[in-house]
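Report on the structure given below.
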Amino acid sequence: MPSTTGKTSISDIHDLTDYCHATAENARKASYALATLDAAVKNRWLRESAAGLIANTSEIIAANQIDLDAAPNYGLSEAAIDRLRLDAGRIESIAAALEEIAMLPDPVGEVIEGHTRPGGLQILKRRVPLGVVFFIYESRPNVTADAAGICVKSGNAVILRGGKEAIHSSRAIVDVLAKCALECGLPENAVQLVATTDRAAVGEFLKLSKLIDVTIPRGGEGLIRRVANEATMPVIKHFDGNCHVYVDMFADIEMAVDIIENAKCQRMGVCNACESLLVHEAIAETALPKIAARLKKNQIEMRADERALPLIDGGIKAEPADWSMEYLGPTISIAVVDSLEAAAEHINRYGSKHTDAIVTNDLKAAELFTQMVDSSAVMVNASTRFNDGGVFGLGAEIGISTDKFHARGPCGLRELTTYKYIVRGDGHIRS
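Converting from the sequence shown to the numbering used here requires adding 13 to each position, the first position being numbered 1.
In structure tokens, the structure reads:
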């Protein structure tokens, strides 16, 4: 059995296979108990865990320092190291997120719909947990607590596989969560952290469709594509976030400038940041110079098509690859389009079905755009940055899905549930 912080050798693959299978079996057993757990017990665990994290701040920071000291060996950027870093304030924020999850309504047991058949048979459609969630994520310690909280609150056992860069931080956090779980009456192994940083373990878990109900990868496109290709169970995912803002011919230009600046510049390295700008030809001559001036002020490189380029101060010619690019940095692609329909066609061809926005004062144009654009969230006169579980009122989220089954958009508590039919009779038999 691997240590809680060490790296398991794959010289004996049988041991790794056994470890992964045992971990998943433990999660499956815990999931059956979690499905019947009262909401008050789950909420108590969330609140006790929040208090426990704050009480163990010094221990968590000490573990985090081990990860920070090793960060240069992994080639982490300054931004990545900052996301990895924990201090008292950040631990308080992690605890506050658990408190917020505790305040959310418990979706488990909710009756979605029901009716009585003419013969008296009662049919109920009731919300139930998915079961076991295998969650693979980047090296951000706060995600460890968030994911555990969301999964358990929605009645699911979770297997957490965080990045090796944050293994000590994540271990310290999960130790607190596990201790509080036992004290609060949660089933053992409701929350498990994969004890090995060996990448081969991921492949082993992805084979276990009889024990794991869903896998959720959160990280780079390479990781997500690997999971999607290897998983034998459903995957909730999005590959990238090539998000668009379309400035319609009926747009308020000043509004458009502000929305584009926010969508692109407020935080560039996230999946709901704007990467592509489309402008209707009827408004381009007036709108593009003002938009470009604001982007230039924010030191954004503008890669423009042949129609947009003459209207942009400091723009460079776009290449074909730019239309599909998720830059995650200070670059944006810009094109002039003939119509709203052309904008929607461009978005559906090059976009990632994540988040796309229209700026317009025409209600018919707004409605047509929302119907034509095939994305998980379509914004009207609002920044793409608003596609977020917290902003939508879902509370915490475990990720954003661009799939259509079984969840789409921000995935909160309800997206981690499914349903079953409950049928009640009084000695009914079918003739």
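From the three backbone atoms N, C-alpha and C, an ideal C-beta is built for every residue, glycine too.
Buried or exposed for residue i, going by 16 or more other Cβ atoms inside 10 Å?
i    : result
S71  : exposed
T430 : buried
E234 : exposed
I329 : exposed
N255 : buried
E428 : buried
S182 : buried
I125 : exposed
S106 : exposed
T228 : buried
Y150 : buried
V156 : buried
H367 : buried
D51  : exposed
I26  : Its pLDDT being 43, under 50, I26 is placed unreliably by the model, and the measurement read from it follows with that caveat. So I26 counts as exposed.
H257 : buried
R437 : exposed
T17  : For T17, the predicted structure reports a pLDDT of 35, less than 50, and the residue's modelled location is therefore unreliable. A value from the coordinates is still provided. With fewer than 16 other Cβ atoms within 10 Å, it is exposed.
H128 : exposed
F418 : exposed
H251 : buried
I114 : buried
G19  : Caution applies to G19, whose pLDDT of 36 falls short of 50 and renders its modelled position unreliable; the value that the coordinates give is listed next. Per the 10 Å Cβ criterion, exposed.
M116 : exposed
R316 : buried
A159 : The question names Ala, but residue 159 in the sequence shown is Asp. Looking at its Cβ environment, which holds 16 or more other Cβ atoms inside 10 Å, D159 is buried.
G398 : According to the sequence as given, residue 398 is Arg; it is not Gly. Counting Cβ neighbours within 10 Å, R398 comes out buried, since at least 16 surround it.
Determine the extent of the beta strand (DSSP E) in which residue i is found, giving its start and end residues.
i    : result
K433 : 430-437
Y340 : Where Y340 is concerned, there is no enclosing beta strand (DSSP E), given that its DSSP letter is neither H nor E.
Q279 : Element bounds for Q279: n/a, residue is neither H nor E.
A390 : 390-393
D224 : The sequence shown places Leu at residue 224, not Asp. No beta strand (DSSP E) holds L224; DSSP gives it neither H nor E.
L206 : 204-206
D369 : 368-372
Since residue i and residue j are thought to touch, with beta carbons under 8 angstroms apart, how far apart are those beta carbons, to the nearest angstrom?
i    : j    : result
L353 : L322 : Between L322 and L353 the Cβ distance is about 22 angstroms, and since that is not below 8 angstroms, they are no contact.
N169 : G198 : Their Cβ separation, rounded to whole angstroms, is 17 angstroms, which puts N169 and G198 out of contact at 8 angstroms.
A395 : A110 : Contact flag wrong, Cβ pair sits at about 24 angstroms.
D369 : I360 : 5 angstroms
N56  : V189 : That pair is no contact at about 17 angstroms.
L97  : A179 : 6 angstroms
T415 : S389 : 5 angstroms
R269 : I304 : In the sequence under discussion, the amino acid at residue 269 is Ala, which differs from the Arg named in the question. With 8 angstroms as the limit, A269 and I304 qualify as a contact, their Cβ atoms being about 7 angstroms apart.
V260 : I296 : 6 angstroms
L426 : I163 : 6 angstroms
L219 : A244 : 5 angstroms
I172 : A75  : Going by Cβ atoms, the distance from I172 to A75 rounds to 26 angstroms, so no, they are not a contact pair.
A63  : Q205 : With 8 angstroms as the limit, A63 and Q205 do not qualify as a contact, their Cβ atoms being about 20 angstroms apart.
Starting from residue i, trace the alpha helix (DSSP H) in both directions and tell me its first and last residue.
i    : result
P154 : 154-166
Q384 : 376-385
R316 : Careful: R316 lies outside any alpha helix (DSSP H), inside the beta strand (DSSP E) at 314-317.
L97  : 91-97
G216 : 213-218
G65  : 52-68
H181 : 180-197
S106 : 101-116
Just grab the DSSP bridge partners of residue i for me.
i    : result
C256 : C287
H293 : V350
I149 : R174, P230
E126 : K138
P423 : I413
K330 : A317
I248 : For the sequence presented, residue 248 should be read as Val rather than Ile. Note: V248 sits in a beta bridge opposite T228.
Using only the heavy atoms of the ligand SAH, determine whether one of them is closer than 7 angstroms to the beta carbon of residue i.
i    : result
V350 : What this structure holds is no ligand at all, so the ligand SAH is not there to describe.
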